[in-house]
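Written out below as structure tokens is the structure these notes cover.
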Amino acid sequence: MSTYDQVIRGGTVIDGTGMAGFNADVGVKDGRIAKIGRIRERGASEIDAEGHIVTPGFIDGHTHMDAQVHWDTQGSCSSWNGVTTAIMGNCGFTIAPSSAANAPLVIRNLERAEDISPAAMKAGIQWSWETFPEYMDMLDKLPKGINYGTYIGHSALRTWAMGERAFEQQATPDDMKRMQDQIRAAMRVGALGLSTSRSMHHETADGRPVASRVANWDEIRALVGTVGEEGGLFELAHEEANRVADPAVRAEYHRRLIDLAVDSGVTITGGLLPMGTVREAWEEQLTLLDTIAARGGRMFGQSHSRGINTLASFETYLPFDRLEEWKAVRSQPIEEQKRLLRDPQVGSRLVKAALHGDYGRAIGAEARKPNYKKMFPFFSTVTPNPSIAELAEKAGIDPVTCIIDIALERDFKIFFVQPVADCTEDDVLKVISHPRCVMTFSDSGAHVSQISDCTIHAHLLAYWTREKQAFTLEEAVRMITLAPAREFGLFDRGLIREGMTADLNVIDYAKFRPELPQLVYDLPAGARRLTQRSAGIKATLVAGVPLFIEGQYTGTLPGKLIRARLTD
Ligand SMILES: [Zn+2]
């Protein structure tokens, strides 16, 4: 019998520390890294890594896999892109605690805010829990390809404690006690901490705030205080005050966050994206991280390697779908739509409506009137694409005709990229380079029909590192392995070192890049989603077990529920 269950032979080990890579074999025994160096004996199984880099599995710190984990053992699309650990339950949206009878209330919190089909959730989730500890036991047993850690979500917690009142009222002392007891119970079985949303972008399908947004700041302080007694994180989707023009409003919000971090001792984290119309607002958020550290608290930002884009297409949704003239055409079967779009009379009516129509109000990532200078046909994932405005001008046509022509030429198999808000490349670089930010905001599992950000890790390595040389390869790998492992408290992952869990990627670095997204109808109840893979991954291993080899799922289920602060 071999000493090693698995030997990854002859690769360049980029170990996650940021230090220089080196050529070595990696031997795995019982799910852990047993040896790094020259291994003379053969492993029970071997992967030839010559010409490849060997990295720790990537850690995806901001996902909404809470629904998907029930029906997708692979953990796609995270796992298709080198992610071996996903943190879920962000922004207050968990599906526990909740009784089966109250499931519709919990789903109400999730469906619009995170764009997850309620039909898919109904068909795909078997409710067998009420409390958070019961939910954790269920997660433990669920067959999983990759590892998951989770927060307890404030919207679910509040809805569980207060029922319908959660959507309208302040918590009574009794409600508070119920919530705090449940948080304590959740923390003791390994929840990462508490998550919440205070963002105006998180609404229910009937246009009301999600439950966590109804809470006042005293409630937040009390609940986070309870987290602090047990030792955990507080994740939040920020208040609008974070990005408004009035500096006094921003300062008041930041003062509350500083006090919260210092008083509770809890590490605070939330998205930090260089977006919005007020430039000083996001620059101040970077300063805030340093201020909190200087006062003895902790807060880290969750950055994104690209900036958030929506993807429109004729097969999914278009910004024009809100317009009456378009609804008539878009409600037809796809082939009929193609025929109608080729009809010059219909075409000119649609173009006129798209150029001059009223688009109404949109929240979050929902469609709004396009800025054609900032709308790009998705021809390539790494090299910049020309804008619709540029292409239209070159062809001497209006931008809407240009979009229709491009779509018809490709039989509708083309996406159009639109940034949710403006941000420059320099701004993205500034935020992802900040030492108190972790590049981790994939939102995987959410916004499944409009956004595809599960390739943020490949984008970091392919674009910022290989093309732009903004980081060394070692530094970029550190940013998506050891850095998130430390911030999220995953003490035995994110590093290639003897004794650590053998979550690993074997990657052909020269070929590593995001592929174009695809539209599939593979959710329960036939609901659709966008999927996206990264090219160049030879193998992904979880606890030393190959999960994917050359892009093929091996059918294994080595993933685990991570119980924070508790050892395996
Ligand atoms: Zn989120």
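Residue numbers (my numbering): -10 to 557. Every residue gets a Cβ at the ideal spot worked out from N, C-alpha and C, and that includes glycine. Remember, predicted model here, so these are calculated numbers, not experimental data.
I'd like to check one pair, residue j with residue i: are the Cβ atoms closer than 8 Å?
i       : j      : result
Arg(-2) : Glu35  : yes
Leu560  : Leu249 : Given a span of -10 to 557 for the chain in the structure shown, any question on residue 560 remains unanswerable.
Ala532  : Ala491 : yes
Asn98   : Thr185 : no
Tyr348  : Arg295 : no
Pro408  : Lys358 : no
Gly259  : Ala226 : yes
Ile114  : Ala200 : no
Met77   : Val95  : no
Met165  : Ala211 : yes
Asn70   : Arg522 : yes
Gly20   : Thr429 : no
Val335  : Ile3   : no
What span of residues does the alpha helix (DSSP H) with residue i cover, start to end?
i      : result
Pro107 : Pro107 to Gly113
Tyr242 : Pro236 to Ser253
Ser186 : No alpha helix (DSSP H) contains Ser186, which is instead part of the beta strand (DSSP E) from Gly182 to Ser186.
Arg475 : Leu471 to Glu476
Thr215 : Trp206 to Glu219
State the Cα-Cα distance for the pair residue i and residue j, rounded to the nearest angstrom.
i      : j      : result
Tyr124 : Val318 : 45 Å
Ala75  : Ala23  : 24 Å
Phe303 : Ala343 : 14 Å
Gly434 : Thr52  : 6 Å
Thr520 : Arg197 : 30 Å
Arg268 : Cys412 : 9 Å
Ala155 : Ala514 : 29 Å
Ile393 : Ala381 : 11 Å
Cys66  : Gly483 : 19 Å
Trp116 : Ala472 : 35 Å
Asp279 : His423 : 10 Å
Glu313 : Lys362 : 24 Å
Thr266 : Val216 : 34 Å
Thr470 : Asp432 : 17 Å
Lys402 : Asp252 : 53 Å
Ala160 : Glu119 : 20 Å
Val420 : Gly290 : 9 Å
Leu559 : Val233 : Past the boundaries of the shown model lies residue 559; the chain is included only from -10 to 557, so the question cannot be answered.
Asn374 : Ile297 : 16 Å
Lys549 : Gly134 : 8 Å
Ala204 : Val255 : 19 Å
Ala516 : Val509 : 9 Å
Met526 : Arg167 : The sequence given here places Ile at residue 526; Met does not occur at that position. Those two C-alpha atoms are separated by around 46 Å.
Leu397 : Asp332 : 12 Å
Ala128 : Trp60  : Residue identity differs from the one stated: residue 128 is Leu in this sequence, not Ala. About 12 Å.
Leu567 : Thr6   : Residue 567 is absent from the model: the chain starts at -10 and stops at 557.
Leu300 : Phe404 : 6 Å
Thr461 : Asn494 : 18 Å
Asp415 : Ile28  : 44 Å
Ser106 : Asp400 : 26 Å
Gly26  : Gln169 : 49 Å
Glu241 : Glu476 : 26 Å
Lys383 : Lys341 : 20 Å
Pro322 : His436 : 24 Å
Phe47  : Met468 : 9 Å
Met364 : Arg187 : 29 Å
Nearest chain B C-beta to residue i closer than 8 Å, yes or no?
i      : result
Arg202 : Within the model displayed, chain B is absent; a lone protein chain is all it includes.
Since residue i is in the beta strand (DSSP E), which residue starts that stretch and which ends it?
i       : result
Val534  : Val534 to Ile538
Ile84   : That residue, Ile84, is in no beta strand (DSSP E); it is neither H nor E in DSSP.
Leu450  : Per DSSP, Leu450 belongs to no beta strand (DSSP E) and is neither H nor E.
Leu462  : Counting along the chain, Leu462 falls outside any beta strand (DSSP E), though it belongs to the alpha helix (DSSP H) covering Leu462 to Met468.
Ala226  : Leu222 to Ala226
Val(-4) : Gln(-5) to Val2
Cys426  : Cys426 to Met428
Thr258  : Thr256 to Gly260
Is the closest heavy atom of ligand 2 to the C-beta of residue i under 7 Å?
i      : result
Asp432 : The ligand content of the structure shown is limited to ligand 1, which means ligand 2 is not among them.
Continuous alpha helix (DSSP H) assignments of at least 4 residues falling wholly in the segment 98 to 167
107 to 113, 121 to 130 and 143 to 151
Scan the segment 13 to 80 and note each continuous beta strand (DSSP E) run of 3 residues or more that stays entirely inside, going in chain order.
21 to 26, 35 to 37, 42 to 45, 47 to 49 and 72 to 77
Runs of alpha helix (DSSP H) lying entirely within the segment 265 to 346, each at least 4 residues, in chain order:
268 to 283, 313 to 319, 323 to 331 and 333 to 345
Counting only runs of 4+ residues fully inside the segment 361 to 419, write out the alpha helix (DSSP H) ranges in chain order.
377 to 384 and 388 to 398
Would you be able to state if there are at least three C-beta pairs under 8 Å between the segment 6 to 17 and the segment 422 to 441?
no
Determine, using beta-carbon pairs with one atom in the segment 500 to 507 and one in the segment 362 to 376, whether at least three such pairs fall under 8 Å.
yes
Can at least three beta-carbon pairs, one atom from the segment 102 to 111 and one from the segment 36 to 44, be found at a separation below 8 Å?
no
Quick check: the segment 137 to 150 against the segment 543 to 554, are at least 3 beta-carbon pairs closer than 8 Å?
yes
Taking 8 Å as the threshold, find out whether the segment 76 to 95 comes into contact with the segment 142 to 152 through three or more Cβ pairs.
yes
Curious, which full-length beta strand (DSSP E) runs of at least 3 residues does the segment 485 to 552 contain?
493 to 496, 507 to 509, 518 to 520, 526 to 531 and 534 to 538
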